[in-house]
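**Q**
2 protein chains.
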Amino acid sequence: MPEAASAAATRATIGDSEFDRDTAVTRREPGVYAIDLSAGWTIFGAVNGGFLLAVLGRALADALPHSDPFTVSAHYLTASRPGPAVVRTEAVRTGRTLSTGQASLFQYDEEGNEVERIRVLASYGDLDALPDDVRTSAEPPAMPPVEQCFGAEDGPSPVSGGSAIAERLLLKLDPATLGWALGQPSGKGEMRAWFGLADGRDADPLALLLAVDALPPTAFELGMKGWVPTIELTAHVRCRPAPGPLRVSVTTRNLAGGFLEEDAEVWDSAGRLVAQSRQLARVQLG
Amino acid sequence: MPEAASAAATRATIGDSEFDRDTAVTRREPGVYAIDLSAGWTIFGAVNGGFLLAVLGRALADALPHSDPFTVSAHYLTASRPGPAVVRTEAVRTGRTLSTGQASLFQYDEEGNEVERIRVLASYGDLDALPDDVRTSAEPPAMPPVEQCFGAEDGPSPVSGGSAIAERLLLKLDPATLGWALGQPSGKGEMRAWFGLADGRDADPLALLLAVDALPPTAFELGMKGWVPTIELTAHVRCRPAPGPLRVSVTTRNLAGGFLEEDAEVWDSAGRLVAQSRQLARVQLG
Chain A
1 MPEAASAAAT
11 RATIGDSEFD
21 RDTAVTRREP
31 GVYAIDLSAG
41 WTIFGAVNGG
51 FLLAVLGRAL
61 ADALPHSDPF
71 TVSAHYLTAS
81 RPGPAVVRTE
91 AVRTGRTLST
101 GQASLFQYDE
111 EGNEVERIRV
121 LASYGDLDAL
131 PDDVRTSAEP
141 PAMPPVEQCF
151 GAEDGPSPVS
161 GGSAIAERLL
171 LKLDPATLGW
181 ALGQPSGKGE
191 MRAWFGLADG
201 RDADPLALLL
211 AVDALPPTAF
221 ELGMKGWVPT
231 IELTAHVRCR
241 PAPGPLRVSV
251 TTRNLAGGFL
261 EEDAEVWDSA
271 GRLVAQSRQL
281 ARVQLG
Chain B
1001 MPEAASAAAT
1011 RATIGDSEFD
1021 RDTAVTRREP
1031 GVYAIDLSAG
1041 WTIFGAVNGG
1051 FLLAVLGRAL
1061 ADALPHSDPF
1071 TVSAHYLTAS
1081 RPGPAVVRTE
1091 AVRTGRTLST
1101 GQASLFQYDE
1111 EGNEVERIRV
1121 LASYGDLDAL
1131 PDDVRTSAEP
1141 PAMPPVEQCF
1151 GAEDGPSPVS
1161 GGSAIAERLL
1171 LKLDPATLGW
1181 ALGQPSGKGE
1191 MRAWFGLADG
1201 RDADPLALLL
1211 AVDALPPTAF
1221 ELGMKGWVPT
1231 IELTAHVRCR
1241 PAPGPLRVSV
1251 TTRNLAGGFL
1261 EEDAEVWDSA
1271 GRLVAQSRQL
1281 ARVQLG
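Protein sequence lines, in the order shown, are assigned to chains A and B.
Take the first sequence: its letters are residues 1 to 286, numbered as in the numbering used here.
Take the second sequence: its letters are residues 1001 to 1286, numbered as in the numbering used here.
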């Protein structure tokens, strides 16, 4: 088989990829969805927060009359683990151009009782119906080309069992935000990377919900170690991303009182600011 | 009576002020609160979004075991009007240092049915229990001193019936963000002002929820007119504000597709970044 044809046969597409299979939910009854959370999107055993947003986002896209997340606000209650889960959704208000919904993901304790992991409010619309008027004054992050950026596979041997999600992603970090991996954190609350899915699937609005929480914590560059759990995260999806790699730039400016904010921007290959998010996370001091 | 004593007798305090009286809620049953929304905090007849956050915030402070809002995420469904309202709260998860709750404000249609105006998720904690570690790298906005800034009372006659809330606030805008009021919008998505309550009450965490949505829309400086309804707003309260005036700086960098984001920062008199928020709002194009 000619090489080009076999490459085309194996590259994942939107709708047919690891990400689609692992975020797929099964409707059990109106508004209620089941999923077995994959172990493939965990970091130190906990399911990644952005991946959870994508799962909830897929359920809400089915439950609401509009299919694109415009703004998703999530409060994280307890860490999610690989295994069975149920998503319960509610249509809060349906309008002509926007609908608002609520969704919770539950898992089970040893007695089989539901334990709520995360609750979100989200407003959905139709990204393709938005007018073309673009007056973005923000500028894309200054980052080296992807060939001059580095992923986990380029460095010393990975932390054993640490980060299954790293195998699902093509993450190439800006060397200016990689000091932490070499024992020399920059002291600046910044993290930047080229982002893609490992199987080559292009990004779509649900993948943007993953992208905003997919980079290492800025806390690492601020010299802190350990887990930085997300308390709350709000993401805005502003545009359907163009095919090709994304640039993700995360900034922290207010590390204080044991908490920090992480502001993420996602830029597509056409230079559009396709998503923005802010999360509040708790750090371990001293 | 000596002048100083009479001034002290009339200056409002936290707990005894217009803001406290107008955001007070009456518990009807566990988790359910009633309020008659004051007409004093409206803009063109609609109750201000930040004021609504403060009302919901007060109810949640009563309903949850922790009393300070840390992060509040609100989805605005329909505009609120002065008049009777009910707030229904739910404790979602209570923990040792953080609790999460949900709250909705309803008003009534002509048949007396409840119509949901706004739904929020919020996580609460104890701001006074936070460690003193402050490594904020953000800098306060460069603004002229308050004597060189201007409020509605300094300009041409106010728009009749426009903005009752203006009488409740001491808002002095940075002249660099006032061009819109003189028919010469700057074209930059920026709005900055000194903020206080008109009766002199100092700010507290609930007043910060008001402050983040109290300035004129950045859309005015971007040359747009008309209402800029908030779809979603998330605020982080990071510190109990010091007594004295606040500086509020709002920035828009992503006006596109008929929507824009407004990022607000609130700085207190001690130079602390006490609150941050981002809202997604819809603009009227052309």
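For every residue, glycine included, the Cβ atom is placed at its ideal position computed from N, Cα and C.
Note down, in chain order, each residue of its chain lying with its Cβ closer than 7 angstroms to the Cβ of Leu1273 (chain B), except the 5 sequence neighbours on either side.
**A** Excluding sequence neighbours, Leu1273 (chain B) sits near Thr1136, Ala1138, Arg1238, Glu1265 and Trp1267.
**Q** Against chain B, with Cβ distances strictly below 8 angstroms, would Gln276 (chain A) count as a contact?
**A** Yes, contact with chain B.
**Q** With a threshold of 8 angstroms between beta-carbons, can Leu1206 (chain B) be considered close to chain C, or not?
**A** In summary, chain C is missing from the structure at hand, where the protein chains are A and B.
**Q** Taking the runs of the alpha helix (DSSP H) that are 4 residues or longer, which of them lie wholly in the segment 1032 to 1093 of chain B?
**A** As far as the segment 1032 to 1093 of chain B is concerned, its whole alpha helix (DSSP H) runs of at least 4 residues are 1049 to 1063.
**Q** What does Asn254 (chain A) reach in chain B if we use C-beta pairs closer than 7 angstroms?
**A** Thr1136, Ala1138, Arg1238, Leu1273 and Gln1276, listed in chain order.
**Q** Can you name the residues of chain A whose CB is closer than 8 angstroms to the CB of Thr1100 (chain B)?
**A** The answer, in chain order, is His75, Leu77 and Arg119.
**Q** I'd like to know if Arg1093 (chain B) contacts chain A, where contact means its C-beta is closer than 8 angstroms to some C-beta of that chain.
**A** Yes - at least one Cβ of chain A is within 8 angstroms of the one on Arg1093 (chain B).
**Q** Taking the straight line between their C-alpha atoms, what separation do you get for Val87 (chain A) and Ala275 (chain A)?
**A** In a straight line, the C-alpha of Val87 (chain A) is about 24 angstroms away from that of Ala275 (chain A).
**Q** What residues from chain A crowd round Ser978 (chain B), counting only those whose CB sits closer than 7 angstroms?
**A** Outside the displayed span of chain B (1001 to 1286) sits residue 978 (chain B), for which this structure offers no information.
**Q** Tell me which residue opens and which closes the beta strand (DSSP E) that Glu1167 (chain B) is part of.
**A** Unbroken run through Glu1167 (chain B): none, as it is neither H nor E.
**Q** Along the chain, where does the alpha helix (DSSP H) containing Ala1211 (chain B) start, and where does it finish?
**A** Looking at the DSSP string, the run of the alpha helix (DSSP H) that includes Ala1211 (chain B) is Pro1205 to Ala1211.
**Q** What's the call for Glu232 (chain A), buried or exposed, on a 16-neighbour Cβ count within 10 Å?
**A** Flag for Glu232 (chain A) reads buried.
**Q** Could you tell me the distance, in whole angstroms, from the CA atom of Tyr1076 (chain B) to the CA atom of Ala181 (chain A)?
**A** For Tyr1076 (chain B) and Ala181 (chain A), the distance between alpha carbons rounds to 42 angstroms.
**Q** From which residue to which residue does the alpha helix (DSSP H) around Phe259 (chain A) run?
**A** Looking at the DSSP string, Phe259 (chain A) is not in any alpha helix (DSSP H); the run it does join, the beta strand (DSSP E), is Phe259 to Trp267.
**Q** Which term fits Pro1002 (chain B), buried or exposed, when burial requires 16 or more other beta carbons within 10 angstroms of its beta carbon?
**A** Residue confidence is low: Pro1002 (chain B) scores 49 on pLDDT, short of 50, so the model does not pin down where it sits. No coordinate-derived value is stated.
**Q** In this structure, how does DSSP classify Gly271 (chain A) when only helix, strand and coil are distinguished?
**A** If DSSP states are grouped into helix, strand and coil, Gly271 (chain A) belongs with coil.
**Q** Do Pro1245 (chain B) and Asp1204 (chain B) have their C-beta atoms within less than 8 angstroms of each other?
**A** Their beta carbons are not under 8 angstroms apart, which means Pro1245 (chain B) does not touch Asp1204 (chain B) by this criterion.
**Q** Can the beta-carbon of Arg1201 (chain B) be found less than 8 angstroms from the beta-carbon of Thr1078 (chain B)?
**A** Taking 8 angstroms as the Cβ cut-off, Arg1201 (chain B) and Thr1078 (chain B) do not qualify as a contacting pair.
**Q** By the 9 angstroms beta-carbon criterion, what residues does the segment 207 to 221 of chain A contribute toward chain B?
**A** Against chain B - using a Cβ distance shorter than 9 angstroms - the segment 207 to 221 of chain A contributes no residues.
**Q** Give me the chain A residues within the contact set of Thr1089 (chain B), using Cβ-Cβ distance strictly less than 9 angstroms, ordered along the chain.
**A** Neighbours of Thr1089 (chain B) on chain A: none; closest Cβ ~14 angstroms, over 9 angstroms.
**Q** With DSSP run on the structure shown, which of helix, strand or coil describes Ala1281 (chain B)?
**A** If DSSP states are grouped into helix, strand and coil, Ala1281 (chain B) belongs with the strands.
**Q** Determine, for Thr42 (chain A), whether the minimum Cβ-Cβ distance to residues of chain B falls below 8 angstroms.
**A** For Thr42 (chain A), the answer is no, since every Cβ of chain B falls outside 8 angstroms of its Cβ.
**Q** Alpha carbon to alpha carbon, how far is Gly31 (chain A) from Ser1038 (chain B)? Give it in angstroms, no decimals.
**A** Distance between the alpha carbons of Ser1038 (chain B) and Gly31 (chain A): 37 angstroms.
**Q** Does DSSP put Glu110 (chain A) in a helix, a strand or coil?
**A** The answer is coil: DSSP assigns Glu110 (chain A) none of H, G, I, E or B.
**Q** Under 8 angstroms between C-beta atoms, does Asp1020 (chain B) make it to chain A?
**A** Closer than 8 angstroms: no.
**Q** Suppose contacts are defined by Cβ-Cβ distances below 8 angstroms. Is Leu1130 (chain B) in contact with Gly257 (chain A) by that definition?
**A** Yes, the pair counts as a contact, with Cβ atoms nearer than the cut-off.
**Q** Using 8 angstroms as the cut-off, can you tell me whether the segment 1111 to 1124 of chain B makes contact with the segment 1138 to 1147 of chain B, which would need three or more C-beta pairs spanning the two stretches below that distance?
**A** The segment 1111 to 1124 of chain B vs the segment 1138 to 1147 of chain B: no contact.
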